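In the working numbering, the protein residues as written are 3 to 160.
Note that the Cβ used here is the ideal one computed from N, Cα and C, for glycine as well.
All values reported here derive from a predicted model rather than from experimental measurement.
Comments concern the structure below.
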């Protein structure tokens, strides 16, 4: 019994640093590779993004590209002028690709992310985002089939 206790203590002491280091890079709502949530009282400017479907079956964002300066804070006003739900998810392309795979498995998943919104037809939502890092970032509707139908955009931050 003593030997088993000793083994458990050694195992715990060995694995504890692994769990601590593994969690060190985990994001809990702060800065991300593409920026951080902004202060709603201090946006630099407002960008309206309209989401809609076209008669020929395409889905789109207007505009589908935005330019920003490093350090700029943008209030995105997201208007769904379409007939069905749409999303606006701001991230790196790799993160949105990964999220799109998860959405294939659970297309009705609820989001509580500062960088994204699901918007019902005829509704408007807002996101205030501070682009604290330079780079090329992605916004997309990750509801299955929507991105593939054209709901894919970019933010160039210099």
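Check	Outcome
Residues of its chain near residue 126, where Cβ-Cβ distance is below 6 Å and the 5 sequence neighbours each way are ignored	81
8 Å Cβ cutoff met for residue 47 and residue 90	no
Environment of residue 154 [buried if 16+ CB atoms lie within 10 Å]	buried
Integer-rounded CB distance, given that residue 156 should sit under 8 Å from residue 138	6 Å
For residue 107, the first and last residue of its enclosing alpha helix (DSSP H)	95-107
Beta-carbon spacing of residue 130, residue 39 below 8 Å	yes
Cα-Cα separation between residue 115 and residue 77, rounded to whole angstroms	15 Å
Which listed residue (109, 136 and 124) has its alpha carbon closest to that of residue 143	109
Reduced DSSP secondary structure (H/G/I, E/B, other) of residue 120	strand
Assigned exposure category for residue 93 - 16 Cβ within 10 Å defines buried	buried
Residue environment, residue 132, which counts as buried when at least 16 other CB atoms sit within 10 Å	buried
Under the three-state DSSP convention, the category residue 155 falls into	strand
Buried or exposed by the 16-neighbour rule on C-beta atoms within 10 Å, applied to residue 50	exposed
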